[in-house]
Amino acid sequence: MVRNPTGLDAGADRAFQEKIWVAVRVGWVAMLGLFVAALLGFSGSGGPFSSQVLRTDTGRIELPAVTRWAAADSMSVQVNDPAETIRVTVPSEFGQIFAVESVHPQPTEVKTTADGVVFSFAREGRPRRTSIDFQVRASKPWRRQSLGAFAIDGARSKPSSVTVLP
Numbered sequence: 428m429v430r431n432p433t434g435l436d437a438g439a440d441r442a443f444q445e446k447i448w449v450a451v452r453v454g455w456v457a458m459l460g461l462f463v464a465a466l467l468g469f470s471g472s473g474g475p476f477s478s479q480v481l482r483t484d485t486g487r488i489e490l491p492a493v494t495r496w497a498a499a500d501s502m503s504v505q506v507n508d509p510a511e512t513i514r515v516t517v518p519s520e521f522g523q524i525f526a527v528e529s530v531h532p533q534p535t536e537v538k539t540t541a542d543g544v545v546f547s548f549a550r551e552g553r554p555r556r557t558s559i560d561f562q563v564r565a566s567k568p569w570r571r572q573s574l575g576a577f578a579i580d581g582a583r584s585k586p587s588s589v590t591v592l593p
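So that you can map any letter, position 49 of the sequence shown is 476 in the numbering used here, and since no number is skipped, the others follow by simple counting.
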């Protein structure tokens, strides 16, 4: 192979070089695709597709749609026009995937039923809306897993699902 003074490799295999260029550009496109997917939330922890909102007649539940294994996450329950005692039913399938680390405010009672775990809270004052925050952590990686239906004061949500990435 002869090197010329301009630094060009005149004796290079042109067909091989073009294959390398194509491979490099395919790599660029793949990395750009991964970057956009992460920005949209498909890798968990932020982005419009990383969380989901479930609605009931009495409120709404915001929880992760995509999360990371062993990473802290949250589930927020908003109750409209709460009764004296607020009851939030978390389906048993949720407990198979997530560990509840803390709940704020503290529930007055927690009991297990056939539908799942029922957290009871005392209403404080006469608020138009009450917020309850659950700090949760996924126990192991899962492909798309059904969570079942949540309930706020007996009003059930649609069933949901979650993906837990490693």
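Note that CB positions come from ideal geometry on N, CA and C, so glycine has one too.
Identity of the residue in the options nearest residue i by Cα
i    : options                : result
G471 : P491, Q523, A450       : P491
D508 : R550, T590, A465, A442 : R550
F521 : G581, E445, W569       : W569
T483 : S529, V451, T516       : T516
S566 : F548, Q479, T590       : T590
F525 : V545, T494, W448       : T494
T512 : V545, W455, Q444, V453 : V545
A510 : R555, M458, I447       : R555
D397 : G581, S529, V530       : Residue 397 lies beyond the residue range present for the chain, which begins at 428 and ends at 593; the question has no answer from this structure.
Enclosing alpha helix (DSSP H) for residue i [first to last residue]
i    : result
E520 : 519-524
E445 : 441-467
Whole-angstrom C-beta distance between residue j and residue i, which should lie under 8 Å
i    : j    : result
P534 : L574 : In fact, because the Cβ distance is near 20 Å, the residues do not count as touching under 8 Å.
A499 : R564 : 6 Å
V506 : T540 : Not confirmed; about 19 Å, so no contact.
S547 : R583 : Not quite, the Cβ-Cβ distance comes to about 17 Å (not below 8 Å), so this is no contact.
Proximity below 8 Å, CB of residue i to CB of residue j
i    : j    : result
Q562 : S501 : yes
R532 : I559 : Here the sequence assigns Pro to residue 532, which means Arg is not the residue at that position. Yes, the Cβ-Cβ distance between P532 and I559 is below 8 Å.
A578 : P586 : no
G486 : V504 : yes
G468 : G474 : yes
P593 : W455 : no
Start and end residues, beta strand (DSSP E) containing residue i
i    : result
F548 : 543-549
W569 : 569-575
D560 : 556-565
T377 : Absent from the structure is residue 377, since the part of the chain shown begins at 428 and ends at 593.
S478 : 478-483
Runs of beta strand (DSSP E) wholly within the stretch 486-538 (minimum 3 residues, chain order): 486-491, 493-495, 499-507, 512-518, 525-531
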